[in-house]
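A.B. asks: To start, I am sharing the structure in question, which I have written as structure tokens.
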Amino acid sequence: MLGGVETRSVSPVFVGRADELAVLTDALTRAAGREPQAMLIGGEAGVGKTRLTEEFLSEAARRGAVVAVGGCVEIGAEGLPFAPFSTALRTLHRQLPGELAAAAGGQEDELARILPELGDTPRGPHDEESTARLFELTARMLERLATDRTVVLVLEDLHWADTSTRHLLSYLFRTLAGGRLVIVATYRADDIHRRHPLRPLLAELDRLRTVQRIELPRFNRAEVRRQLAGILASQPDEAYVDSVFDRSDGNAFFVEELAACKESGCRAGLTESLRDLLLVRVEVLPEAAQRVVRIVAEGGSTVEYPLLRAVAGLTEDELIEALRAAVGANILLATSDGEGFRFRHSLVREAVSDDLLPGERARVNRRYAEALEADDSLIRAAERVIRLATYWYHANDTAKALPAVLAASVAARRRHAYSEQLRLLERALDLWESAPQEVREALRPVDYTDVYPPCGCDPATTPLKRLDLLAEATVAARFGGERERALKITKTALRLLEEDGDGDPLRAAWFWTERSALVSSLARGDGWAELGKAQELVKGLPPSQVHAQVLVRAAGWGMLHNPGPGNLDAAERAVSYARMLGAEDIELNARITVGSLLTDSGDAERGLAELFAVRERATKLGLVMLAGRAHINLTSQLESMGRSREAVELAEQGVELVKKSRLLDTEAWISGNMAESLYSLGRWDEAAEAAQRALRVGQSAAPRGSASARLSYLALARGELTEATGRLSAAHTHFGTHDSQPQHRIPLFRLAVGVAAGEGRIADVRTETAAAIAYGFPLGHHRYAWPLLLAAASAEADARGLPAAEVGRAAALDAIRGAARALATPVPVWAAHAEFLRAELLRAEDRDTAADWAAVERAVRPLERPYLLARARHRLAETLLACGRDREPAAMLLREAHATADRFGARRLREDLALLAQRARIPLTVADTPPVLPAPEADPVEALGLTSRERDVLRLVAAGNSNRQIAEELFISPKTASVHVSNILAKLGVAGRGEAAALAHRLRLFAPLTPAGAAPSGV
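For the sequence shown, this note's numbering gives the first residue as 3, with consecutive numbering after it.
Written as structure tokens, this is what we have:
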């Protein structure tokens, strides 16, 4: 519109910044090689961030890149959700409409939350994973769009970014892995005070090696001289350079303003503040132009021409002349799309806005709001609601502001911008008491709320209540990741309910149920006390959705924390209530809990049938969250029943289902369950991939903790003790101290027992086992208890003959036997574990026979548990060879077990089998071996490559002697003893003395120094 207007004061010469521009262009080059680039440009206001960005974009366009710019909008504390991304994506949509549609990959409805031009924004679903799904879809769309072309996105003024924009930018910087994409974000460094919301993000991004950060310094005197020469088109005299440099302090924008003042002849003395200097440049404009500039200052970062025309109160000719004057003076600029106007620099806008009188500011905002209400076509529909709320709020009109702010909160929710929804709801709560009563009474919950279940009252006549807003704010805070804020909101709501004499028990129960989940997730407790209060409140009340939700939550809590028959009763009542009320989503959720509880209690077929039925129904209704939960529970229950192959097949289907909806935590849980079943089946590499996927996509601590535990199991089985210890520590960190779920705690006990056994710490094995037994094995958790007790018994058997293990052995074995007697064996896999445990306890007492191990091998053989079978065959072969008979069957068992251990990379088992075979002179790798004949026993110590002196030293290490004691026994120096110990550790491939002693006793390299004590027989 005014593109031909001449502007002054911007230097035609690009001054300085050569190094910074080189960094940006180098990123462009790397991006062309399909390596996404993330850049941050910081600097004080006016230092030259925009000019540097413009030079970079010109170079990018010259190289054929597609460029798009979006700016964060300062229109109030709430901001426009995803504003810079929406603007940049809108530019890409105009430039590459077909390509962007293809990159959206059929997810246009969901992506419309960020780019409304893609279609209507859907109303749901809304949950704690909604935002993560949207971010993942956005990242994949950008990667696909940048597959065949370089795409440059620039996001300006990040210091004004809304919370959702900051979170999306962080997600992209952390997850983009492919595509020819460059993302550049700029921010005003002098605005980032200690409590600025951008500060934590900058600290987080500084820790990412993939993000480059550029800080722009001020110009030095030589650079100021070059800038002035470019602006003035002549060399300035040195005195003038000195005055400008001293006054501007090297700030490029202020240099331009001072030069413009000199050219226009404005009389701004050097003693005046720079802010006054900016206002003087406005005050020399014609009166109409000044008026337009003041109106634009209150309109936001950009004001559309039709809206400005409606607000200015000028004829179109008068408005154009006023704009021409403001643009010619370099105060305003036309936007790149030609649809509106903005200030050339935000410093000028801030100065003009701050100079407005309070009444003047309110009047301008009112005129903006009235113009938008009169004609909703003046601005984009996606922005109208939030801007209308902002204008009415700053117009100080609570009667208009309250419904407008509430409408904006609904719009933010539909875009999954929950943090912005929360800010708007908090603004509405601030306005609530000052708004006229008739305005409040005219508001209806059905128009503005979504989370609190219907109360059964007439929606046309029931007014909106403050508690409705607190309920919405609670869920918005939880979905937005602000759990601390959500917890405070529930406290406020419950206090209001308590102050109300009559109260509302259902609403109080709802808030207590929300508070239970929040307390648990924040590690403030397990949430049971809060659930107890909710149950007490609904007791005796007629059935309701709140009542059903409380029962479902209580039954689910009990299933995970305190298994027992009472949980099934609560879950079945929840199903009954939900059916009565026609709340099928609550019914299906309750039925999942019912099915799982039935299976845990021994009614497996009925429980599985219920779970499969819910899975089918939820999938048919499109309730993907519930279908995903059904997959989680089904795969877990099938694994518990030994049906690992079915569990893997179902898990694959579940992952495929939830990936489409980007339910990341659900995908992580299913992947973790898949890893457990793949481990059981001996598909260890696939199990590791599934566990790593769970770690990668999981958003919450619990599924990540479970995945870490699965990786620890794998490392332990492969003899990688350092890795197993690290993964176990990570699992403890993820679960935290507050997680009391037996399904999490018992496996961690099992892993601790395995690590301690591997390192030869039998005392720690007993401590962990005793702690696990004291913790208890609740109903349905035998699947975790049997492997733990088996690991403890195996450790005791391997430590037989170790002097340090003799004291307390009988008590330890008695404790294991006593715990095993209380465990169920409902399916063959756990019956086989019971048989294995019985044999290991006998081995720990040196009373096991070939018949005992043959029974174990027969029990395990049909189970599709190859690693467990290899271990059983190792022990059977060992007892057969110890008897001096049946060498042919023993040889076959050894070869089969060794092949399994070798295929899995189970180093410890493989070494044990190899040494046993070497001692028995049985070849393991020859395809067609001759008949195995009796042969003299090979020296097992020699087979390990140890010298005779090292044999003596290892014998004393195994007996628990220190280097000094070894030196005294063998008449050598302590230093020589230390050298021998180091050589032994290297030859055995172990990390320490304890592990070496454990290996010596496990392989029976030396005769026991003390006889094994007697112990009770049988399990």
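Here a beta-carbon is modelled for each residue, glycine too, at the ideal position from N, C-alpha and C.
As the structure is a computational prediction, the values presented were derived from the model and not from experiment.
#1: What does DSSP give as the partner residue(s) for Gly-44 in the beta ladder?
#2: Hey, how far is the Cα of Ser-250 from the Cα of Val-243?
#3: With 16 other CB atoms within 10 Å as the buried threshold, where does Arg-877 fall?
#4: Just reading off the alpha helix (DSSP H) that Arg-819 is part of, what are its end residues?
#5: Just to check my reading of the structure: Val-186 and Thr-55 have Cβ atoms closer than 8 Å, yes? What is that Cβ distance to the nearest angstrom?
#6: Would you mind giving the Cβ-Cβ distance between Asp-295 and Leu-334, rounded to the nearest angstrom? I have them listed as a contact below 8 Å.
#7: Between the alpha carbons of Thr-140 and Glu-880, how many angstroms are there, rounded?
#8: Which residue spans inside the stretch 52-134 form an unbroken alpha helix (DSSP H) run of at least 4?
#9: How should Ser-731 be labelled, buried or exposed, when 16 other C-beta atoms within 10 angstroms of its C-beta is the threshold for buried?
#10: Express the C-alpha separation of Ala-573 and Ile-594 in angstroms, rounding to a whole number.
#11: Entirely within the stretch 828-882 and at least 3 residues each: give me those beta strand (DSSP E) ranges in chain order.
#12: As a quick exercise: from Gln-967, Glu-997 and Lys-622, pick the residue whose alpha carbon is nearest that of Ala-801.
#13: Which residues does DSSP pair with Gln-1062 in a beta bridge?
#14: With distances taken from CA atoms, which of Ile-748, Phe-247 and Glu-428 is nearest Leu-404?
#15: With 16 as the cutoff for other CB atoms within 10 Å, does Thr-927 come out buried or exposed?
#16: Glu-516 to Ala-406, Cα distance in whole Å?
#17: Can you give the beta carbon distance from Ala-371 to Ala-413, rounded, assuming they're within the 8 Å contact cut?
#18: Apart from the five residues on each side of it in sequence, which residues of its chain come closer than 7 Å, Cβ to Cβ, to Leu-325?
#19: Please confirm whether Leu-380 and Leu-309 have their CB atoms less than 8 Å apart.
#20: Looking at Tyr-777 and Arg-747, is the spacing between their C-beta atoms short of 8 Å?
#21: Put Leu-157 into one of helix, strand or coil per three-state DSSP.
#22: Please report the distance separating the alpha-carbon of Leu-349 from that of Trp-671.
#23: Tell me, to the nearest whole angstrom, how far the beta carbon of Glu-1 is from that of Thr-451; I am working on the premise that it is less than 8 Å.
#24: Closest to Asn-367 by C-alpha separation, out of Cys-885, Gly-707 and Asp-399, would be which residue?
#25: Determine whether the beta carbon atoms of Glu-443 and Ser-166 lie at a separation below 8 Å.
#26: Ignoring anything shorter than 4 residues, give me the alpha helix (DSSP H) runs that lie fully in the stretch 328-411, in order along the chain.
#27: If we call anything under 8 Å between Cβ atoms a contact, is Leu-508 one with Leu-489?
#28: Provide the residue(s) that pair with Glu-306 in DSSP beta bridges, ordered along the chain.
#29: Compute the distance between the beta-carbons of Gly-50 and Ala-254, then report whether it is under 8 Å.
#30: Can you name, in chain order, every residue of its own chain whose Cβ lies under 7 Å from the Cβ of Ala-20, other than the five neighbours on each side?
#31: Alpha carbon to alpha carbon, how far is Thr-31 from Ala-67?
#32: Could you check whether the stretch 841-861 touches the stretch 796-812, counting it as contact only if at least three pairs of C-beta atoms, one from each stretch, sit closer than 8 Å?
#33: Below 8 Å on the Cβ atoms is my guess for Val-69 versus Ala-63; work out the distance and round it to an integer in Å.
#34: By alpha-carbon positions, which one of Phe-906, Ile-491 and Arg-115 ends up nearest to Ala-384?
#35: Under 7 Å: does the beta carbon of Pro-868 sit that close to some heavy atom of the ligand HEM?
#36: If you drop the 5 nearest sequence neighbours on each side, which residues of the same chain put their C-beta closer than 7 Å to that of Asp-667?
C.D. replies: By the coordinates alone:
#1: Tyr-189 and Glu-217
#2: 10 Å
#3: buried
#4: 811-823
#5: 7 Å
#6: Residue identity check: residue 295 is Val in the sequence provided, not Asp. About 7 Å separates the two Cβ atoms, so the contact holds.
#7: 59 Å
#8: 85-97, 99-106 and 110-113
#9: exposed
#10: 9 Å
#11: none
#12: Glu-997
#13: In the structure as shown, the chain starts at 3 and stops at 1021, and residue 1062 therefore has no counterpart that could be examined.
#14: Glu-428
#15: exposed
#16: 28 Å
#17: The pair is not a contact, with the Cβ atoms about 16 Å apart (cut-off 8 Å).
#18: Leu-4, Val-294, Leu-334 and Phe-343
#19: yes
#20: yes
#21: strand
#22: 50 Å
#23: No statement about residue 1 is possible, as the shown extent of the chain runs from 3 to 1021 and does not include it.
#24: Asp-399
#25: no
#26: 348-356, 360-376 and 383-396
#27: no
#28: Gly-342
#29: yes
#30: none
#31: 11 Å
#32: yes
#33: 6 Å
#34: Arg-115
#35: With respect to small molecules bound, the structure shown includes none, and the ligand HEM cannot be examined in it.
#36: Glu-131, Gly-700, Gln-701, Ser-702 and Pro-705
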